[in-house]
């Protein structure tokens, strides 16, 4: 049975991350568009799979899994020899420790900071609310402070978990591309942080990301 991916049809968000990893690994999947309201009721079907009523969710021959980072790790673990390798080998204790460290940095520092900016410039307008200019300025300032640290890290290595592209780098694509697209905020690509800019350029030029943008969202993938 082909894997099913339940997600919102967005160029970004957790569903896009899963679609990118599936495409990179060459894994067929059926995309099930699932729009979730931030304030409206959740469908019983979705709540049976995801107790918080959120997406993405996968159904892999009856195995239900939610949370995009967990799904991507599952895909990598199930298909370790297929397509690019996004996680260090199980026996590489130091490599895995660095990977986990980078993943923690993304979750605890990058993601909350970029989300605060996106909340003001994308989510609030989407739901008919006004952007708080003071809150936006503070959020951008905090995000730039996080990027200053990223500049130090990336001055010593090509990617966030070392010199090879990993799942951690892909996880950064959840919301950050929205800044330039919808708010003309280019802190990831300006010349203040050349190592961050080079890293980000490599990410947004990933063939799977370019394809996702060209398609305007997620599209089911058949076996080739």
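In the numbering used here, the protein residues as written are 91 to 314.
The beta-carbon is built from N, C-alpha and C at its ideal position, and this holds for glycine as well.
Beta-bridge partners of residue i, as assigned by DSSP
i, result
"residue 209", "Its beta-bridge partners do not exist; DSSP assigns none."
"residue 105", "The partner list for residue 105 (beta bridge, DSSP) is empty, contrary to what the question assumes."
"residue 234", "Partner(s): none; residue 234 has no beta bridge."
"residue 260", "None; residue 260 has no bridge partner."
"residue 249", "252"
Candidates the options, of which the one nearest residue i by Cα
i, options, result
"residue 172", "111, 231, 216 and 184", "111"
"residue 145", "201, 104 and 203", "104"
"residue 241", "100, 231 and 278", "278"
"residue 123", "156, 266, 108 and 98", "98"
"residue 207", "265, 125, 311 and 121", "265"
"residue 52", "311, 239, 109 and 304", "This structure cannot settle anything about residue 52, because the visible part of the chain is limited to 91 through 314."
"residue 168", "158, 117 and 139", "117"
"residue 94", "142, 137 and 150", "150"
"residue 216", "127, 197 and 115", "127"
"residue 174", "297, 303, 130 and 301", "297"
"residue 102", "170, 252, 262 and 220", "262"
"residue 282", "130, 238, 157 and 135", "238"
"residue 199", "233, 176 and 190", "233"
"residue 289", "250, 276, 157 and 301", "250"
"residue 209", "197, 227, 135 and 193", "227"
"residue 294", "192, 132, 271 and 202", "271"
"residue 236", "196, 258 and 275", "196"
Limits of the alpha helix (DSSP H) - the one that residue i falls within
i, result
"residue 267", "267-273"
"residue 188", "183-195"
"residue 178", "Per DSSP, residue 178 belongs to no alpha helix (DSSP H) and is neither H nor E."
"residue 138", "134-139"
Distance between residue j and residue i (C-alpha atoms, nearest Å)
i, j, result
"residue 182", "residue 188", "10 Å"
"residue 292", "residue 299", "11 Å"
"residue 285", "residue 213", "29 Å"
"residue 229", "residue 91", "44 Å"
"residue 260", "residue 179", "18 Å"
"residue 218", "residue 246", "43 Å"
"residue 114", "residue 96", "18 Å"
"residue 224", "residue 231", "11 Å"
"residue 256", "residue 120", "24 Å"
"residue 244", "residue 139", "38 Å"
"residue 154", "residue 252", "31 Å"
"residue 222", "residue 184", "43 Å"
"residue 152", "residue 164", "14 Å"
"residue 323", "residue 307", "As displayed, the chain neither begins before 91 nor continues past 314, which places residue 323 out of reach and without an answer."
"residue 134", "residue 143", "9 Å"
"residue 201", "residue 276", "17 Å"
The beta strand (DSSP E) enclosing residue i, as first and last residue numbers
i, result
"residue 97", "93-97"
"residue 123", "119-123"
"residue 147", "147-150"
"residue 154", "153-156"
Any non-hydrogen atom of the ligand GDP closer than 7 Å to residue i Cβ
i, result
"residue 101", "The ligand GDP is not part of this structure, which contains no ligands at all."
Task: Residue ranges of each alpha helix (DSSP H) within the segment 270-299, 4 or longer - done: 284-294
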